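Residue numbers (the UniProt record's numbering), protein chains in the order written: chain A, 1 to 282; chain B, 1 to 467. Don't be surprised by glycine CBs; every beta carbon is placed ideally from N, CA and C. As the structure is a prediction and not an experimental result, all values here were calculated from the model.
Structural data, given as structure tokens:
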């Protein structure tokens, strides 16, 4: 009886899993089908193109159309912005989390909570004030404008996750032992805190990377020259006319989706343990 | 509880950490200020900044760069030319204007001129535009109301124009024994012709019989309000008064709106436009047309035939381009004109130089060059150019068809081109939302008409007189 119930439960779970997988992968499948379709077969409503072609992928890789004429440079721009943003968010958030969770100043709770208040106002509302701020700093047109804005929006959540993890998972006795051995705060931060924070840092790093990687509005507003643009803006340019090269656009989007997927799988083990960071508080 | 001596050590460590952290934070905070002091990479110094709507063809952008480059070389004045996609450029312009950092010149194919003129952002370019041989309709689309200076004047320069013709597949009609040349020109007869085409295709038993019309009803498409306005005007609705202010009290406005909502919702509910036309995304009607899922579709510019001209000449030759049928009660067919305009921003502070570049851009030879590199998708706003053989005797029948539409009696600027209040009606998707309420929520057409009319009236009051 128990075995039968267990089998039923497993079947139900598998069914839900399959449903979720189909639901999640359907858009990606659709992107693949469109990118493999010749121009005259787009949206023909077939499950698989009758005459699949890699032309769209080759167009993107060889920068064979003016819509993707700076594909590699803009992919690099995206990578640069995302990596620097992720490093920036990690630097700020780990330092702040260390201060909040380990040095325990009186205003720690207020700091964490007020930082999260950044998310109360949607980014689209802040676009114009941020544009104005970047104009005042003469940063318009520079990728640093995008990096600084992304760090601003990525840091509060990162701080919250990291400080919760630090409070819950790293015993304060470790700091005390190190202090008795003569270690200063910076040494504790670098040699004890950071190595123990690796799992949530991977999660937060990926979060910040994706935040910058997928950012469109700020990238479009702050950047001017095509040579400094990131790839999402170029993807947006495909919609410039009502006559859209959907297959080339989807091929570009598939290439653009690869780095985050690779990063995710490279750090998969850390992600699964780190994503529960802050879930339990001692 | 921690030992006292540890507290002392920890306090020291904390002070040290916070001190050094503070130094790093101060350094980070000072960074942008230092960048500012050093000049930074942001604003392009003394060069004139030009933002230009990205073209569909690479040659269009190249032509703009060449023309502006020639002015730059002749005057020795540097120009920072940037291309942005048309749909997104509106947000960029709005942000720049709000931040007090607009470009010197912007060329945009969307009706933002009425908004920026209303806000007092645009420079008066009467002295340049008055010298241009603009067509009367283009001249009327250059004048806007400046709510700051409380004056109506010429605040934008129409570089080019386009209309929304109807495209159809000739061979699809031939297969079922029909020919558009034999279709009635009166409103009801014309649309019945396309309904009959669908019925014949159904009877022929094709695996996937095409639908009569690719009519956009989706709030995600710019085509929806355009298609809507065609019916509204064909029904004799005059939504703007002589000052381009919204006036819903005029005779027939309510009836015209109710007719339009009923006509379009019937077209959809009777299955004469694809079921998903209510949720199409950008370019939805182009896609179904090019896939031969519909016999015909109205669409702005010549982008549809242009998209197949090089790669599929047979398909290009099979596409017919024509104007709209006569109005509902008879009379000249409606033909809407839309405009791509050049705007000069006061706040950029270099209006005199910008006007010099504007004169160069509007030189007939330069305009013709730009339009030809756009492969005839656009139509000129300068009268002498409209008489050029490129438009009158172009080997491309689609270009000739558009030339004919622009010479037609019913040609009028799209209301969006004239009125800020009406452009808000379209921005808020009042038409598409009304259709959704009727077709999805089952709202009564009369009720939907009254609701829409109330919202339109409110927007009209909000913005007041436009000219």
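Around the C-beta of residue 299 of chain B, are 16 or more other C-beta atoms found within 10 angstroms, so that it is buried, or is it exposed?
The sequence position of residue 299 of chain B within the second chain is 299, counting from 1. With 16 or more other Cβ atoms within 10 Å, it is buried.
Simplified DSSP assignment, three categories, for residue 216 of chain A
The residue labelled residue 216 of chain A in the question sits at position 216 within the first chain. Residue 216 of chain A falls in the coil class under three-state DSSP.
Using 8 Å for Cβ pairs, my map puts residue 147 of chain A next to residue 174 of chain A. What's the rounded Cβ distance?
Numbered from 1 along the first chain, position 147 holds the residue referred to as residue 147 of chain A. Numbered from 1 along the first chain, position 174 holds the residue referred to as residue 174 of chain A. Rounded, the Cβ-Cβ distance is 33 Å, inconsistent with contact.
In whole angstroms, give me the CA-to-CA distance for residue 463 of chain B and residue 450 of chain B.
Position 463 of the second chain holds residue 463 of chain B. Position 450 of the second chain holds residue 450 of chain B. Residue 463 of chain B and residue 450 of chain B have their C-alpha atoms spaced approximately 20 Å apart.
Counting C-beta neighbours from all protein chains within 10 Å, is the total for residue 54 of chain A 16 or more, i.e. buried, or is it exposed?
Walking along the first chain from the start, residue 54 of chain A turns up at place 54. Classification for residue 54 of chain A: exposed.
Closer than 8 Å is the cut-off here; do at least three beta carbon pairs connect the segment 285-295 of chain B with the segment 362-375 of chain B?
When C-beta atoms of the segment 285-295 of chain B are compared with those of the segment 362-375 of chain B, fewer than three pairs fall below 8 Å, so the two segments do not count as touching.
What separation, rounded to the nearest whole angstrom, lies between the Cα atoms of residue 14 of chain A and residue 28 of chain A?
For the purposes of this step, residue 14 of chain A is taken as residue 14 along the first chain, with counting starting at 1. For the purposes of this step, residue 28 of chain A is taken as residue 28 along the first chain, with counting starting at 1. When rounded, the separation of the alpha-carbon atoms in residue 14 of chain A and residue 28 of chain A is 21 Å.
Residues of chain B with a CB under 8 Å from the CB of residue 39 of chain A: which are they?
For the purposes of this step, residue 39 of chain A is identified with residue 39 of the first chain, where counting begins at 1. 311, listed in chain order.
Can you pull the chain A neighbours of residue 219 of chain B, defined as C-beta to C-beta under 7 Å?
Translated into the one-based positions of the second chain, residue 219 of chain B becomes position 219. The CB of residue 219 of chain B never comes closer than 7 Å to any CB in chain A; the least such distance is about 15 Å.
Between residue 399 of chain B and residue 337 of chain B, what straight-line distance do the alpha-carbon atoms span, to the nearest angstrom?
Here residue 399 of chain B is taken as the residue at index 399 of the second chain, counted from 1. Here residue 337 of chain B is taken as the residue at index 337 of the second chain, counted from 1. If you take the alpha carbons of residue 399 of chain B and residue 337 of chain B, they lie about 15 Å apart.
With respect to the alpha helix (DSSP H) encompassing residue 258 of chain A, which residues constitute its N-terminal and C-terminal limits?
Reading the first chain from its first residue, position 258 is the one you call residue 258 of chain A. Taken as a continuous stretch (DSSP letters only), the alpha helix (DSSP H) holding residue 258 of chain A covers 246-266.
Apply the 10 Å Cβ neighbour rule to residue 70 of chain B and answer buried if 16 or more other Cβ atoms are within range, or exposed otherwise.
Looking up residue 70 of chain B in the second chain gives position 70. It is exposed - the Cβ of residue 70 of chain B has fewer than 16 other Cβ atoms within 10 Å.
Can you look up residue 260 of chain B in the DSSP assignment and give me helix, strand or coil?
For the purposes of this step, residue 260 of chain B is taken as residue 260 along the second chain, with counting starting at 1. Of the three classes helix, strand and coil, the one that applies to residue 260 of chain B here is helix, per DSSP.
Just the Cα atoms here: how many angstroms apart are residue 265 of chain B and residue 233 of chain A?
For the purposes of this step, residue 265 of chain B is identified with residue 265 of the second chain, where counting begins at 1. For the purposes of this step, residue 233 of chain A is identified with residue 233 of the first chain, where counting begins at 1. For residue 265 of chain B and residue 233 of chain A, the gap between their C-alpha atoms comes out near 36 Å.
Of the residues that make up the segment 240-256 of chain A, which ones have a beta carbon closer than 7 Å to any beta carbon in chain B?
Within the segment 240-256 of chain A, the residues whose Cβ lies closer than 7 Å to some Cβ of chain B are 240, 241, 242, 243, 244, listed in chain order.
Can a CB atom of chain A be found closer than 8 Å to the CB of residue 416 of chain B?
One-based indexing of the second chain puts residue 416 of chain B at position 416. So, not an interface residue.
In angstroms, rounded to a whole number, what distance separates the CA positions of residue 386 of chain B and residue 332 of chain B?
As a working mapping, residue 386 of chain B is identified with position 386 in the second chain. As a working mapping, residue 332 of chain B is identified with position 332 in the second chain. Distance between the alpha carbons of residue 386 of chain B and residue 332 of chain B is about 21 Å.
Looking only at its own chain, which residues have a Cβ that is under 6 Å from the Cβ of residue 43 of chain B, when we skip the five neighbours before and after it?
Along the second chain, read from residue 1 onward, the residue named residue 43 of chain B stands at position 43. Unreliable positioning characterises residue 43 of chain B in this predicted model, as indicated by a pLDDT of 46, which lies under 50. The coordinate reading is nonetheless provided below. Within the same chain, no residue comes within 6 Å of residue 43 of chain B by CB-CB distance, once the 5 residues on both sides are set aside.
Segment limits, beta strand (DSSP E) that includes residue 125 of chain B
Within the second chain, residue 125 of chain B is the residue found at index 125, counting from 1. Neither: residue 125 of chain B is in no beta strand (DSSP E) and is coded neither H nor E.
Express the C-alpha separation of residue 242 of chain B and residue 254 of chain B in angstroms, rounding to a whole number.
Along the second chain, read from residue 1 onward, the residue named residue 254 of chain B stands at position 254. Along the second chain, read from residue 1 onward, the residue named residue 242 of chain B stands at position 242. The alpha-carbon of residue 254 of chain B is positioned some 18 Å away from that of residue 242 of chain B.
Would residue 168 of chain B be called buried (16 or more neighbouring beta carbons within 10 Å of its own) or exposed?
For this step, residue 168 of chain B is matched to residue 168 along the second chain. With 16 or more other CB atoms across the displayed protein chains lying within 10 angstroms of its CB, residue 168 of chain B is buried.
Pull up the DSSP beta-bridge partners for residue 154 of chain B, would you.
Translated into the one-based positions of the second chain, residue 154 of chain B becomes position 154. Residue 154 of chain B is bridged to B/143.
For residue 343 of chain B, which three-state DSSP category applies?
If you number the second chain from 1, residue 343 of chain B lands on position 343. Strand, per DSSP.
So what does DSSP say about residue 127 of chain A, is it helix, strand or coil?
The count along the first chain starts at 1 and reaches residue 127 of chain A at position 127. Correct three-state label for residue 127 of chain A: helix.
Alpha carbon to alpha carbon, how far is residue 257 of chain B from residue 182 of chain B? Give it in angstroms, no decimals.
Within the second chain, residue 182 of chain B is the residue found at index 182, counting from 1. Within the second chain, residue 257 of chain B is the residue found at index 257, counting from 1. Rounded to the nearest angstrom, the two C-alpha atoms are 30 Å apart.
Residue 236 of chain A CB to nearest chain B CB: under 8 Å?
Within the first chain, residue 236 of chain A is the residue found at index 236, counting from 1. Chain B has a Cβ within less than 8 Å of the Cβ of residue 236 of chain A.
Which whole runs of the alpha helix (DSSP H) in the segment 275-317 of chain B are 4 residues long or more, in chain order?
As far as the segment 275-317 of chain B is concerned, its whole alpha helix (DSSP H) runs of at least 4 residues are 284-290, 303-308.
Measuring straight from C-alpha to C-alpha, what distance separates residue 134 of chain A and residue 251 of chain A?
Walking along the first chain from the start, residue 134 of chain A turns up at place 134. Walking along the first chain from the start, residue 251 of chain A turns up at place 251. Each residue's Cα considered, the two are about 33 Å apart.
First and last residue of the uninterrupted alpha helix (DSSP H) at residue 455 of chain B
Within the second chain, the letter at position 455 stands for residue 455 of chain B. In the DSSP assignment, residue 455 of chain B falls within the unbroken alpha helix (DSSP H) covering 445-463.
From what residue to what residue does the beta strand (DSSP E) around residue 51 of chain B run?
Translated into positions along the second chain, residue 51 of chain B becomes position 51. In the DSSP assignment, residue 51 of chain B falls within the beta strand (DSSP E) that extends over 48-53.
So for residue 368 of chain B, helix, strand or coil by DSSP?
Counting from one through the second chain, the residue named residue 368 of chain B turns up at place 368. If DSSP states are grouped into helix, strand and coil, residue 368 of chain B belongs with the helices.
Cα separation between residue 147 of chain B and residue 121 of chain B?
Reading the second chain from its first residue, position 147 is the one you call residue 147 of chain B. Reading the second chain from its first residue, position 121 is the one you call residue 121 of chain B. Taken atom to atom, the span from the alpha-carbon of residue 147 of chain B to that of residue 121 of chain B is near 10 Å.
Residue 128 of chain A versus chain B: which residues are under 8 Å apart at the beta carbon?
On the first chain, position 128 is the one that residue 128 of chain A refers to. Result: 94, 95, 98, 99.
Mind listing which residues of the segment 135-154 of chain A have their C-beta closer than 7 Å to chain B's C-betas, in chain order?
Answer set for the segment 135-154 of chain A: 135, 137, 138, 139, 140, 141, 142.
Could you compute how far the alpha carbon of residue 288 of chain A sits from the alpha carbon of residue 225 of chain B?
Within the shown structure, residues of chain A are numbered from 1 to 282, placing residue 288 of chain A beyond reach of any answer.
List the endpoints of the continuous alpha helix (DSSP H) containing residue 189 of chain B.
Numbered from 1 along the second chain, position 189 holds the residue referred to as residue 189 of chain B. First-last of the alpha helix (DSSP H) with residue 189 of chain B: 187-203.
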